[in-house]
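To start, the structure itself, in structure tokens.
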Amino acid sequence: MMKKVFGFLRSMRFGMILLTLIAILCIAATALGNETIYRSWYFIALFAMLSINLMFCSVLRAFSLKKQKKALAQRAIQAEAVLPVKEASQWLETHHFRVEGDVAFRNTSGFLGPFLTHFAMLLLILSAACIFLLAQTQDLILFPKENTELPDGTVLYLESFQLEDETGETDYCSSLSALLPDGTETGGETTVNHPLKVGRYKIYQQDYGYAAVIGLKTEKNAEEELIWLEEPAFLSLDGESGVYYSQIFSNVKEENGEVMVSRSGDMINPAYEIQIVDGEGNRTSLVYPGTVIDVGGITFSFKDPGVYPGMRVKTQPEWTLWMLYLSFALMLLGLYLCFFMIPEAAHIKPDGLSIIGRKDISDRIDRYQDELEMGSSK
Amino acid sequence: MNVLFTISLMVYFAATLLCFAGTAFRKDGVKKAALLVLLIAVAAHIIYIVWRGIAAHRLPLANQFEFATMFALMVAIFTLVLYYRNRTRMEWLLVFGTPLAFLLQSYAALQPKEITELMPALKSAWFGLHIGSAALSYSAFALAAAVSLRYLIVEKKTDEKHLTQMDYLSYRLISFGFLMLSIVIFSGCIWAEQAWSTFWSWDPKETWALITWIVYAIYLHQRLRLKWRGRKMALLACVSFVLVIFTFVGVNTLMSGLHSYK
Ligand code: HEM
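Protein chains in written order, with the working numbering: chain A, 265 to 642; chain B, 21 to 282.
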């Protein structure tokens, strides 16, 4: 009974059933637009079972490689001659066969193919699991000339952010400098496709948005201070009178005396919606960049909206990356060996050579025969 | 220069007609002409694609039109390469490969053809490898399906040796396509990690590439496990190709995600 269960668990049939179920769930998830399926216990359980299945079948394969080679040699010895070659050993040599005893082999590295492929698949699932468990990401917004602290104490400072490069091509690029917890200073640029490494973090250029930029002056502080607002905020000295900023409109149009506003899209004719709060009560109003107002002892000077980057900050142990890359490389190598290094065994008979492949290699034998015919007709 | 695209489309059509005529009337002269016309179509097609790459200052693989026309070109080139490698036995391949290239080129003709600027996420060293191997893999699967279709059509009237040869050819094409599809998926993962921070995000296009990959993995195993050959494998190769087409066309039109060209 145990033997039967174990036999089934390591069988290719079980592997194929698992693969089919995974494919069906993927089809269902995309058709229903339901992404929770990918995080469900049964979906993950299928991958876990696939790993067990792969482990037993690929580990066991490694032990049977010698046996496979022997079996191939045996079949070559038993097979009939298919190639009427006269100078057999010379023919074998020119066709890259290696003689071992009374059988010659070619492409024996191909025996490793399935083992490598399945081992790599196992490694891939394992790496994916490690990454899933260990990688942490966090999205944050940075404003130019402002500091942001990351969980481990690293301080990020955004020098500048631009949407286009000098030639006018779209190029979301942030210039960052950073102070690591150990006091090291570092920094650089991050653009789409080129994340920046800062200490344990990888910083990705993710998206961008527009914020209100407002200059503030008070009697005490005559130098204008610029602030960036991405969310509604009440700006006031005494908490009673001041300006309540609510939102940005990207485009304000006046048509037939009616004001039309849009919230998204490019900043064509932007304006801010604010409420002025003072002794006379609350008044909602629309102000354009360039407007200056005095309320509650502050001089508010509204500037053009500023563009800021949305960043994704990721930590992930380096070895998980290399493990994944290794699994990719091994799988490609394994597949190459499976498909392009099909082992062949040849045995010298009185009337020529027998040639046997791991699978049907009729095509190869046809080629050898054609070559032989062409050679003899010359 | 778009006129060169139209010319190649028309010449593919002419080559298709000549292939059919040559086979129907068993005229060697017509078959030779078909081959010559196909070569002309491919030459025009290559010049067009190279021109487009130069005009756009990038690899011409950035939208549905460019990918589709590259897909058509790869199918035509694959057909010619296999034909020349095995001239005596693969004459029939032209009759299946040429119409396939013509159909794909017609699909491309229906797509918007403007040269658009690359969005930043596409500006990457992985772009060429990822999309180039997708074109190779899809065309290998397409041709495998065409060979399998012929298998199913001529099964009753052809000798065993010839059938085995078609069966084997279709397996070889699928194994090559599978290797290429693996490269597509792996390079896509590495690229996604650089662009979006995660290797895999279950975006519909990614998921469908995985589904296709699984189905072809099952194809490869069924050959080994059940020693399936011939008819069943030919059917499976045809059905699997329907999934490739869905990954290629269906996902873009029916589902939205990171891979929609916007
Ligand atoms: C998950 C993805 C898998 C991939 C990508 C994969 C890939 C492959 C490839 C490429 C081959 C060689 C096929 C050929 O040469 O035509 C192969 C063979 C094989 N696979 Fe898998 N495989 C997978 C899963 C499995 C599973 C789950 C099992 C279950 C035990 C399995 C068992 C086998 C066996 C026994 C062979 C036969 C090797 C031989 O005799 O040559 N594979 N696999």
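For glycine and all other residues, C-beta sits at the position ideal for the given N, C-alpha and C.
The beta carbon of Tyr-127 of chain B sits closer than 7 Å to those of Ala-88, all from its chain and outside the five residues before and after it, given in chain order.
Bounds of any beta strand (DSSP E) do not take in Pro-496 of chain A, whose DSSP letter is neither H nor E.
In the structure shown, Phe-219 of chain B falls within a coil segment according to DSSP collapsed to helix, strand and coil.
Ranked by how close their Cα comes to the Cα of Leu-376 of chain A, the residues A:Gly-447, A:Gln-332, A:Leu-493 have A:Gln-332 in first place.
When DSSP states are grouped into helix, strand and coil, Glu-111 of chain B belongs to the helix group. Between Lys-613 of chain A and chain B, the shortest Cβ-Cβ separation is not below 8 Å. By the rule that beta-carbons nearer than 8 Å mark a contact, Leu-156 of chain B does not touch chain A. The DSSP-derived three-state label of Thr-555 of chain A is coil.
Taking a C-beta distance under 8 Å as the contact criterion, Arg-277 of chain A and Cys-321 of chain A do not qualify as a contact pair.
Secondary structure note for Ile-467 of chain A: its beta strand (DSSP E) is the uninterrupted segment 465-482. His-182 of chain B does not reach chain A, its nearest Cβ partner there being about 11 Å away, counting only Cβ pairs nearer than 9 Å.
Of all residues in the stretch 29-57 of chain B, none comes within less than 9 Å of chain A when Cβ atoms are compared. In the DSSP assignment, Lys-333 of chain A falls within the unbroken alpha helix (DSSP H) covering 329-342. For Glu-518 of chain A, no Cβ of chain B is located within less than 8 Å of the residue's own Cβ. Taking a beta-carbon distance threshold of 8 Å, Val-174 of chain B does not count as an interface residue toward chain A.
The C-alpha of His-382 of chain A is placed about 25 Å away from the C-alpha of Ser-304 of chain A. Close to Cys-290 of chain A, with beta-carbon spacing below 7 Å, are these residues of chain B in chain order: Thr-227, Leu-230, Ile-231.
Counting C-beta pairs closer than 8 Å gives three or more between the stretch 378-395 of chain A and the stretch 587-603 of chain A, which meets the contact rule. Straight through space, the alpha carbons of Thr-43 of chain B and Thr-372 of chain A are spaced by roughly 42 Å. Proximity to Phe-206 of chain B across B:Ala-164, B:Ser-153, B:Arg-192 peaks at B:Ser-153, based on C-alpha coordinates. Listed in chain order, the non-local C-beta contacts of Gln-511 of chain A below 6 Å within the same chain comprise Glu-537, local neighbours out to five positions each way being set aside.
The CB of Val-235 of chain B comes closer than 7 Å to the CB of Ala-287 in chain A, given here in chain order. Nearest Cα to Phe-498 of chain A within the set A:Leu-490, A:Glu-489, A:Tyr-509: A:Tyr-509. Taking 8 Å as the threshold, the shortest C-beta distance from Ala-254 of chain B to chain A does not fall below it.
Under the DSSP assignment, Phe-85 of chain B falls in the alpha helix (DSSP H) whose first and last residues are 84-105.
Following the DSSP letters along the chain, one finds Thr-579 of chain A inside the beta strand (DSSP E) bounded by residues 570-579. Contact annotation: Ser-438 of chain A and Gln-469 of chain A have beta-carbon atoms nearer than 8 Å.
Fewer than three beta-carbon pairs drawn from the stretch 593-600 of chain A and the stretch 332-350 of chain A are found closer than 8 Å, and the two stretches are therefore not classed as touching.
When the Cα atoms are used, Trp-216 of chain B and Thr-455 of chain A turn out to be separated by approximately 11 Å.
Burial state of Arg-631 of chain A is exposed, judged by a 10 Å Cβ sphere holding fewer than 16 other Cβ atoms. The bridge partners DSSP lists for Ile-288 of chain A come to none. Under a criterion of Cβ atoms nearer than 8 Å, no residue of chain B is adjacent to Thr-300 of chain A; the nearest Cβ is some 10 Å distant.
Taking a Cβ-Cβ threshold of 8 Å, the residues of chain B close to Met-595 of chain A are Ser-202, Phe-206, in chain order. Close partners of Leu-199 of chain B in chain A (Cβ separation under 9 Å): Leu-596, Leu-599, Tyr-600, Cys-602, Phe-603, Phe-604.
Among the bridge pairs identified by DSSP, Gly-621 of chain A is matched with A:Glu-608.
For His-241 of chain B, the neighbours in chain A by C-beta distance under 7 Å run, in chain order, Met-276, Met-280.
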